Amino acid sequence: MFDCNFMNILITGGAGFIGSAVIRYLINETDHKILNVDKLTYAGNLESLATIANNSRYHFCQADISDQAHITQLFKQFQPDTVMHLAAESHVDRSISSSAEFIQTNIVGTFQLLEISRHYWENLPEEKQHLFRFHHISTDEVYGDLSDLSSELFTESTPYAPSSPYSASKASSDHLVRAWHRTYGLPVIITNCSNNYGPYHFPEKLIPLTILNALQGKKLPLYGNGEQIRDWLYVEDHARALYQVVTKAKAGSTYNIGGHNEQKNIDVVKNICTLLDELAPNKTLGIKSYKDLITFVPDRPGHDVRYAIDASKIKQELGWEPEENFQSGLRKTVLWYLNNQDWVNHILTGEYQKWIQQQYHPQ
Ligand code: NAD
Ligand code: DAU
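Numbering (this note's numbering), first residue to last: 15 to 377.
Laid out in structure tokens, this is it:
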């Protein structure tokens, strides 16, 4: 008899920001066995898993999801009961300056993983076939954007209208996942989530970039007028939501996940500055507040104006809702960066530095 309390869960992209939060949650809060399959791109960092890396239920393999032979072999060896697919190129600005990797990993990589999962699932015993899930972790950016003058929210039936190469690649992968369900019966689930924030976030994204730039006395770039709106969710709330979905959702279903927490970019950055003024006051830069470092820079091409999620379906059907509020979550996040200088320094001396150099100071 198959016991769902002891599943083998194959996670792609587990060395990234959200994937590492999911693995920490699963190892700390459940009895499942985890195989983390990650290529370790610039965004993958095994140090984000240091707190659980020695647990006997955790295993890691460096592999590219597009490498069919290697991933097929890993499925054979690990015999997953469920797949949680998070591996992706995730940064909108990078997709604008160079989109090839986004097409390769987010579309071709997802296609390869679907095909491997399908062949594997078709050969499972009936009971395991019934319980198997291919959980595709996606984004609210597939829906395009909303007007900042409306109170409209993204629902699970909002039409797709992606704006950037990143969101178009994620929308493509969502379509592939649904096609594999309809055509082949593969038991898939899709979740579309809003902006995450919290510990171990790679400092190219707005919140960690602002914290680290401020601490180094660098400018805090705000794109355009800074009035764009994002719906922020603490990453540990997202990890908990994903576990609810992967263990409870019906095959073929979709859930939107969000924080009920719309914030203008300018307000997010000012909030971080206020927290830093309190927690790490600067006496050497000759500024009154970190807010003095805020700089308006040219807008992101095709910049989405507003994202906001209607998360009522996941609340009603699966009982999930966010636990962290933005003020306490942001404070925890700022404190985490202040207290984890090693993690930060390893990133600052690596690939991140080179990219920032090319992006903001091209020769
Ligand atoms: P991230 O960039 O922090 O991590 C991505 C991980 O995927 C890294 O560890 C990287 O090494 C790995 N990876 C990349 N290409 C790979 C490949 N070809 N093979 C194997 N591994 C590969 O991303 P994140 O912010 O943790 O996002 C995780 C997922 O959640 C993505 O699918 C993203 O689209 C989605 N998402 C992110 C957010 C957000 O706010 N960060 C919100 C909604 C949805
Ligand atoms: O909505 C979910 C998406 O959220 C995820 O699918 C993506 O993987 C994730 O990266 C995130 O995308 P965004 O583009 O919204 O996140 P980012 O942190 O890059 O930007 C947040 C907002 O801040 C956005 O409006 C652009 C703006 N911004 C960003 C940076 C890096 C600035 O004004 N200045 C900056 O320096």
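We treat Cβ as the ideally placed atom computed from N, Cα and C, and that holds for glycine.
Remember, it's a predicted structure, so these values are computed and weren't measured experimentally.
Give every residue of the same chain whose Cβ lies closer than 7 Å to the Cβ of residue i, excluding the five residues on either side of it in the sequence, and list them in chain order.
{"i": "residue 185", "result": "156, 174, 176"}
{"i": "residue 316", "result": "177, 178"}
{"i": "residue 166", "result": "160"}
{"i": "residue 303", "result": "287, 291"}
{"i": "residue 305", "result": "284, 287"}
What do you reckon, is the C-beta of residue i under 6 Å from a heavy atom of the ligand MG?
{"i": "residue 212", "result": "Of the ligands this structure carries, namely the ligand NAD and the ligand DAU, none is the ligand MG."}
In the DSSP output, what is residue i paired with across the bridge?
{"i": "residue 152", "result": "206"}
{"i": "residue 147", "result": "96"}
{"i": "residue 269", "result": "205"}
{"i": "residue 75", "result": "51"}
{"i": "residue 23", "result": "48, 96"}
{"i": "residue 244", "result": "277"}
{"i": "residue 160", "result": "320"}
{"i": "residue 308", "result": "234"}
{"i": "residue 211", "result": "248"}
{"i": "residue 89", "result": "DSSP lists no partner for residue 89."}
Buried or exposed: which applies to residue i, given that a residue is buried once 16 or more other Cβ atoms fall within 10 Å of its Cβ?
{"i": "residue 144", "result": "exposed"}
{"i": "residue 207", "result": "buried"}
{"i": "residue 42", "result": "exposed"}
{"i": "residue 360", "result": "exposed"}
{"i": "residue 162", "result": "exposed"}
{"i": "residue 377", "result": "Low confidence applies to residue 377: its pLDDT is 49, below 50, so where it sits in the model is not reliable, and the reading given next is rough at best. By the neighbour-count rule (16 or more Cβ atoms within 10 Å), residue 377 is not buried but exposed."}
{"i": "residue 140", "result": "exposed"}
{"i": "residue 196", "result": "exposed"}
{"i": "residue 18", "result": "exposed"}
{"i": "residue 275", "result": "buried"}
{"i": "residue 343", "result": "buried"}
{"i": "residue 168", "result": "buried"}
{"i": "residue 47", "result": "buried"}
{"i": "residue 20", "result": "exposed"}
{"i": "residue 24", "result": "buried"}
{"i": "residue 279", "result": "buried"}
{"i": "residue 411", "result": "Only positions 15 to 377 of the chain appear in this structure, which leaves residue 411 out of reach."}
{"i": "residue 27", "result": "buried"}
{"i": "residue 49", "result": "buried"}
{"i": "residue 353", "result": "exposed"}
{"i": "residue 40", "result": "buried"}
{"i": "residue 213", "result": "buried"}
Mind checking whether the beta-carbon of residue i lies closer than 6 Å to any heavy atom of the ligand DAU?
{"i": "residue 232", "result": "no"}
{"i": "residue 26", "result": "no"}
{"i": "residue 179", "result": "no"}
{"i": "residue 260", "result": "no"}
{"i": "residue 223", "result": "yes"}
{"i": "residue 106", "result": "yes"}
{"i": "residue 237", "result": "yes"}
{"i": "residue 226", "result": "no"}
{"i": "residue 244", "result": "yes"}
{"i": "residue 34", "result": "no"}
{"i": "residue 115", "result": "no"}
{"i": "residue 68", "result": "no"}
{"i": "residue 256", "result": "no"}
{"i": "residue 154", "result": "yes"}
By Cβ distance, which residues of its chain are closer than 6 Å to residue i, with the 5 residues on each side in sequence left out?
{"i": "residue 310", "result": "236"}
{"i": "residue 338", "result": "248, 251"}
{"i": "residue 105", "result": "218"}
{"i": "residue 226", "result": "217"}
{"i": "residue 113", "result": "179"}
{"i": "residue 334", "result": "255, 258, 328"}
{"i": "residue 332", "result": "258, 262"}
{"i": "residue 375", "result": "Low confidence applies here, because residue 375 scores a pLDDT of 49, under 50, leaving its location unreliable; read the following figure in that light. The answer is none, since no qualifying residue turns up."}
Would you say the beta carbon of residue i comes nearer than 6 Å to a heavy atom of the ligand NAD?
{"i": "residue 167", "result": "no"}
{"i": "residue 216", "result": "yes"}
{"i": "residue 62", "result": "no"}
{"i": "residue 119", "result": "yes"}
{"i": "residue 58", "result": "yes"}
{"i": "residue 151", "result": "yes"}
{"i": "residue 92", "result": "no"}
{"i": "residue 75", "result": "no"}
{"i": "residue 100", "result": "yes"}
{"i": "residue 209", "result": "yes"}
{"i": "residue 31", "result": "yes"}
Among the residues of its own chain, which have a CB less than 8 Å from the CB of residue i, if the five just before and after it don't count?
{"i": "residue 121", "result": "183, 186, 187, 190"}
{"i": "residue 77", "result": "51, 52, 53, 84, 85, 88"}
{"i": "residue 93", "result": "22"}
{"i": "residue 71", "result": "41, 45, 46, 47, 48"}
{"i": "residue 193", "result": "none"}
{"i": "residue 147", "result": "96, 97, 201, 202, 203, 260, 263, 265"}
Pairing CB atoms from the stretch 130-148 with CB atoms from the stretch 228-239, are three or more of them under 8 Å? no
Can you confirm whether the stretch 58-71 touches the stretch 27-42 when touching is taken to mean that 3 or more C-beta pairs between the two stretches lie within less than 8 Å? yes
Cβ pair count under 8 Å reaching 3, the stretch 112-121 against the stretch 322-340: no
Would you call the stretch 256-265 in contact with the stretch 226-235, where contact means no fewer than 3 C-beta pairs closer than 8 Å? no
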